[in-house]
Amino acid sequence: MNLEGMYQDIILDHYKNPHGRGLRDPFDAESFQVNPTCGDEVTLRLKLDGEKVADVSYEGQGCSISQASVSVLTDLVVGHTVGEALKTMDAFVELMQGRGQVEPDEDVLEDGIAFAGVAKYPARVKCALLGWMAFKDALVKTEGVKA
Amino acid sequence: MTTTSSDANTTATSLNVAALRADFPILSRTVRDGKPLVYLDSGATSQRPRQVLDAERKFLETSNAAVHRGAHQLSEEATDAYEHARARIAEFVGANPDELVFTKNATEGINLVAYAMSNAATAGAGSERFKVGPGDEIVITEMEHHANLVPWQQLCQRTGATLRWFSLDDDFRLDLSNLDELVNERTKIVAFTHQSNVLGTVNPVAPIVKRAKEVGALTLLDACQSVPHFPVDFHALGVDYAVFSGHKMLAPSGIGVLYGRHELLEAMPPFLTGGSMIELVTLERTTFAPPPQKFEAGVPMTSQAVGLGAAVDYLSAIGMDRIEAHEHTLTEAAVAGLAEIDGVRLIGPSEAKDRGATIAFVVDGVHPHDAGQVLDSLGIAVRVGHHCAWPLHRVCKVPATVRATFYLYNDLSEVDKLVAGVREAQKFFGVA
C-alpha cells in the first residue's frame with residue numbers, strides 16, 4: 002500500500018493548517034455530525050446570503066481525513082451559490098464512493114481531488130464525507146434545500 | 145477430542161507459537177502488497193484453527209439436522225453433538241451443562257437477562273426477585289463495553305430504575321472505595337466486565353460478588369475478554385450470570401453463551417418465546433421447558449455450537465494457564481516497548497499485573513485512525529476508534545485510541561513490529 006497515495010500533501014496541509022476553522026456568528030443553521038464507529042465529529046454552521054453561501058464555520062475532532070475534508074469544503078462552497086455548492090458536493094460524493102475508479106475533475110473539486118486515493122479505502126470514505134453530511138444537513142435546516 | 149498438532153513440540157511452560165500458527169491458515173497470508181499479516185485484533189474477533197473449521201464441516205457433512213426435534217438418526221446425532229458441545233464448554237468454564245444457554249453472542253446473553261427482568265413485572269409468582277422498578281438501582285462500571293451498558297440503560301428507562309456506576313482510579317483500575325455505598329439494598333444487579341476490552345484491566349470479582357450477596361443483588365460478569373485468555377471458573381467466582389462469545393475464542397461467530405446459576409434460570413421468566421422452549425401449549429396458555437431450553441426459542445445454531453466445542457477442546461489441549469502466561473509475556477513486552485516511545489501514552493494500567501494482552505494507546509499528534517492506517521500499510525491489523533466503549537474514552541479524555549490485542553498465536557516479533565510501526569507513524573506525520 003502506498004501511504005502517500007492516501008495522504009496527499011494537500012490533505013496533510015489542510016489538516017495541519019485548516020481553512021475557516023472555528024464557529025462563527027451569525028449563522029442560519031448548525032449541524033452536528035458524528036461517525037459512530039470511530040467517534041469523529043464535526044459541528045458546522047452555515048450562513049446564507051440569498052442564494053449565496055456567505056460563510057461556513059466549523060469545529061471538530063477526528064482523523065486527518067475528516068478534518069482536512071471539511072477544510073477543503075469551506076474553500077469549495079463559500080462564495081458560491083447553493084446550487085453550485087450542491088453540484089460540487091455531488092461530484093465529491095461520487096468521487097468518494099467510486100472505489101478509486103472515478104477520475105476527479107480538478108476544475109470542480111480543486112483541492113478535493115486529493116481525496117481520490119482515500120476512495121480506495123472503504124473504511125475511510127465516511128471520514129471524508131463527515132463534513133459534507135453536516136453541510137447538507139445544515140442546508141436542509143435553512144429550508145433552502147428540500148431534504 | 146480434537147488434537148492440536150502443535151502441542152507435541154511445546155514445553156510445559158512456553159508455547160511453540162510457530163508450530164501453533166500452522167493450525168491457522170489465515171495467518172500465513174499477506175496483505176497490502178505482500179506484507180505478512182500481523183494480526184493484532186483478536187479482541188474484536190479471533191482467527192479459527194483448522195481443527196474448529198474441520199469440526200464444523202464434519203458435522204455439516206455427516207450429522208446436520210434440526211436439534212431437539214424429530215426421531216430420525218441425523219436428528220439424534222445432531223442433538224448429541226449440540227449437547228455434547230454444551231457439556232464440554234460448561235466444563236471449560238466451571239459450570240454445569242444445564243446452566244449454559246446458547247445465544248447468538250454475548251450481547252444477546254446480556255439482553256436476555258435484561259429483558260427477562262423486564263418481563264418479571266408480569267410473569268407472576270416466583271419471579272419477584274427479578275422485578276425492577278422505580279427506586280431500584282442497577283450498577284455497572286465506567287469501563288463497560290456498550291453491550292454491558294446500553295441494555296441496562298434501556299432497562300432503567302423501561303422500568304424507572306436508576307443506573308449507577310463504578311469509577312476508575314488514576315491507573316485505569318476500578319475504584320472500589322465506594323463499593324458499600326454504590327452496591328446497597330436498592331441494587332438489583334451489578335453488571336461488570338471481567339477484563340476491559342480497551343484498558344486490559346482485569347477486575348477483582350470477589351469483593352464485588354461478596355458485597356452483592358450481602359445486599360441480595362444479582363451479579364453478571366462480562367467474560368468476553370477473560371474466558372478466551374485465562375482460566376475462568378464461574379462456580380468458583382460465585383457470579384450469578386456470565387456471558388462470553390465464541391468468535392473471540394477461536395470459534396465461529398453467531399454463537400455465544402449465557403451462564404446462569406441453575407436456581408436463577410429456573411425462576412427467571414423467558415426472553416424470546418416460541419418453538420423449542422415450551423413444555424405444553426394450548427391456544428390459551430403455555431408452560432415452559434426447564435432451562436436451558438426455556439431460553440433457546442427456535443431452531444438453534446448448531447454447527448456453530450459444535451465449532452465452539454472444538455475451540456474449547458483446542459484451547460484445553462494447549463492449556464489456559466499456558467496461554468495466560470504466554471500473553472502475559474507479550475503484554476509486558478508491549479507495555480514496555482510502547483512506553484519507551486516519546487509521545488505515546490498507554491490508556492490502561494502501567495504494569496502487566498492483573499492486566500490482559502489488550503493494549504490501547506494514543507500517539508500525540510497522530511489521530512488513532514491515521515496511526516492505524518500507517519500500521520495497516522505495514523500489514524499490522526489493529527483496531528482504532530472507541531471500541532464500543534465510548535463513555536470510557538470520554539472518562540479517559542481521549543476521542544479514540546489505537547488498540548492492539550494479542551492472542552495465543554502472536555509472538556514477540558509481532559510486538560516489535562507494532563512498536564516499530566508506531567515509530568513509523570510518528571515519522572510519517574512528522575511528530576518524531
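Protein chains in written order, with this note's numbering: chain A, 2 to 148; chain B, 145 to 576.
Glycine included, each C-beta is placed from N, C-alpha and C at the ideal position.
Whole-angstrom C-beta distance between residue j and residue i, which should lie under 8 Å
| i | j | result |
| --- | --- | --- |
| residue 287 of chain B | residue 345 of chain B | 7 Å |
| residue 573 of chain B | residue 4 of chain A | Wrong, their Cβ atoms sit about 10 Å apart, outside the cutoff. |
| residue 477 of chain B | residue 559 of chain B | 5 Å |
| residue 532 of chain B | residue 338 of chain B | That belief does not hold up - the Cβ atoms of residue 532 of chain B and residue 338 of chain B are roughly 16 Å apart, past 8 Å. |
| residue 30 of chain A | residue 139 of chain A | 4 Å |
| residue 507 of chain B | residue 570 of chain B | 6 Å |
| residue 233 of chain B | residue 353 of chain B | Wrong, their Cβ atoms sit about 22 Å apart, outside the cutoff. |
| residue 91 of chain A | residue 64 of chain A | Wrong, their Cβ atoms sit about 24 Å apart, outside the cutoff. |
| residue 526 of chain B | residue 548 of chain B | 5 Å |
| residue 316 of chain B | residue 493 of chain B | 5 Å |
Neighbouring residues, chain A, relative to residue i (Cβ below 8 Å)
| i | result |
| --- | --- |
| residue 505 of chain B | Going along chain A, no residue has its Cβ under 8 Å from residue 505 of chain B, so there is no contact; the nearest lies around 16 Å. |
Closer than 7 Å at the beta carbon, the chain A residues around residue i
| i | result |
| --- | --- |
| residue 535 of chain B | Going along chain A, no residue has its Cβ under 7 Å from residue 535 of chain B, so there is no contact; the nearest lies around 11 Å. |
| residue 514 of chain B | 64, 65 |
| residue 572 of chain B | 4 |
| residue 511 of chain B | 63, 64, 65 |
Alpha carbon of residue i to alpha carbon of residue j, nearest angstrom
| i | j | result |
| --- | --- | --- |
| residue 522 of chain B | residue 482 of chain B | 17 Å |
| residue 155 of chain B | residue 182 of chain B | With a pLDDT of 46 at residue 155 of chain B, under the threshold of 50, the modelled position of that residue is not reliable, and the figure given next carries that caveat. Computed Cα separation, rounded: 24 Å. |
| residue 541 of chain B | residue 46 of chain A | 25 Å |
| residue 440 of chain B | residue 398 of chain B | 14 Å |
| residue 459 of chain B | residue 229 of chain B | 14 Å |
| residue 363 of chain B | residue 129 of chain A | 43 Å |
| residue 245 of chain B | residue 98 of chain A | 42 Å |
| residue 14 of chain A | residue 396 of chain B | 44 Å |
| residue 179 of chain B | residue 324 of chain B | 53 Å |
| residue 308 of chain B | residue 332 of chain B | 11 Å |
| residue 59 of chain A | residue 35 of chain A | 13 Å |
| residue 133 of chain A | residue 517 of chain B | 22 Å |
| residue 48 of chain A | residue 57 of chain A | 6 Å |
| residue 264 of chain B | residue 415 of chain B | 10 Å |
| residue 370 of chain B | residue 486 of chain B | 31 Å |
| residue 403 of chain B | residue 250 of chain B | 10 Å |
| residue 461 of chain B | residue 285 of chain B | 34 Å |
| residue 147 of chain A | residue 118 of chain A | Below a pLDDT of 50, predicted positions are generally treated as unreliable, and residue 147 of chain A, at 48, falls in that range; no measurement from the model is reported. |
| residue 93 of chain A | residue 68 of chain A | 15 Å |
| residue 475 of chain B | residue 502 of chain B | 8 Å |
| residue 564 of chain B | residue 165 of chain B | 22 Å |
| residue 253 of chain B | residue 296 of chain B | 12 Å |
| residue 225 of chain B | residue 125 of chain A | 43 Å |
| residue 444 of chain B | residue 28 of chain A | 55 Å |
Residues that residue i contacts on chain B, provided the C-beta gap is smaller than 8 Å
| i | result |
| --- | --- |
| residue 61 of chain A | Here the premise fails: no neighbours, minimum Cβ distance about 10 Å. |
Contact with chain B by residue i, beta-carbon distance below 8 Å
| i | result |
| --- | --- |
| residue 7 of chain A | yes |
CB contact check: residue i to chain A, cutoff 8 Å
| i | result |
| --- | --- |
| residue 295 of chain B | no |
| residue 529 of chain B | yes |
| residue 290 of chain B | no |
| residue 521 of chain B | yes |
| residue 342 of chain B | no |
| residue 543 of chain B | yes |
| residue 566 of chain B | no |
| residue 376 of chain B | no |
| residue 338 of chain B | no |
| residue 518 of chain B | yes |
CB contact below 8 Å: residue i versus chain C
| i | result |
| --- | --- |
| residue 184 of chain B | Absence of chain C from the displayed structure is noted, the protein chains being A and B. |
Residue i beta carbon near the ligand FMN (any heavy atom closer than 7 Å)
| i | result |
| --- | --- |
| residue 481 of chain B | The ligand FMN is not part of the structure shown, which contains no ligands of any sort. |
Members of the stretch 20-46 of chain A near chain B, C-beta cut-off 7 Å: Only 38, 39, 40 from the stretch 20-46 of chain A bring a Cβ to less than 7 Å from some Cβ of chain B.
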